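Undergrad: One structure follows; several queries about it will come next.
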Amino acid sequence: MGEADRIVRVPYDYAKGVAAARTVDFDGFKKSLTAPSVKKAFSEWSACMKAKGYSYPTPLAAMGSAEFSKGSISDHERAVAQRDVRCKEKVDLIHRWNEAESAVQRSLIKKNQAVLDRFQELQTAKVAAARKLLDPDD
């Protein structure tokens with residue numbers, strides 16, 4: 063395993079690239095939560111849920127609810143999940159959120175383009191090195 067690590071991982075380590083990719087991922091998500099279109103979609107989703115007797119400010123709050131973290135799936139949990147999906151569809155939440163997050167991510171990618179390009183080059187080379195290690199005759 064040491065040789066594989068030396069051949070496949072070490073030469074291609076690029077902490078700056080990993081950090082840039084994580085920034086695009088995590089900051090894109092985090093910043094999307096503050097986008098006016100997402101806040102509005104969450105509000106509409108919450109109102110839709112409330113109309114059926116479920117009180118959650120956001121889909122994330124529903125997902126993280128302690129009531130759903132123990133034991134087997136209950137009928138209540140199934141009902142909430144079904145309503146969640148219907149409300150997301152009704153207010154087009156997934157599309158609206160995706161649009162907002164994608165816009166943030168595009169901006170972050172542009173800001174980190176050179177680092178991300180280098181990271182992609184190294185990842186491509188890493189895959190080629192792994193393939194060569196696995197099949198040296200190829």
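The opening position of the sequence shown corresponds to residue 63 in our numbering, with each subsequent residue numbered one higher. Ideal Cβ positions, reconstructed from N, Cα and C, are used throughout, including at glycine. Since this is a predicted model, take the numbers as computed values, not measurements.
(1) Helix, strand or coil for N174, going by three-state DSSP, please let me know.
(2) Taking its Cβ as the centre, do 16 or more other Cβ atoms sit within 10 Å of V147, making it buried, or is it exposed?
(3) Spatial neighbours of F130 within its chain, please: C-beta separation below 6 Å, excluding the five flanking residues on both sides.
(4) Quick one: grab the DSSP three-state call for V70.
(5) The alpha helix (DSSP H) with A81 in it runs from where to where?
(6) Mind reading off the beta-carbon distance from G79 to V177? Whole number of angstroms is fine, and I expect it under 8 Å.
TA: Judging by the given coordinates:
(1) Counting from one through the sequence shown, the residue named residue 174 turns up at place 112. Reduced to three states, the DSSP call for N174 is coil.
(2) Translated into positions along the sequence shown, residue 147 becomes position 85. Counting Cβ neighbours within 10 Å, V147 comes out exposed, since fewer than 16 surround it.
(3) Residue mapping note: residue 130 aligns to position 68 of the sequence shown, counting from 1. E139, listed in sequence order.
(4) For the purposes of this step, residue 70 is identified with residue 8 of the sequence shown, where counting begins at 1. The answer is helix: DSSP assigns V70 an H, G or I state.
(5) Mapped onto the sequence shown, residue 81 falls at position 19. From DSSP, the alpha helix (DSSP H) with A81 extends over A77 to R84.
(6) Counting from one through the sequence shown, the residue named residue 79 turns up at place 17. Counting from one through the sequence shown, the residue named residue 177 turns up at place 115. Right, their Cβ atoms sit about 6 Å apart.
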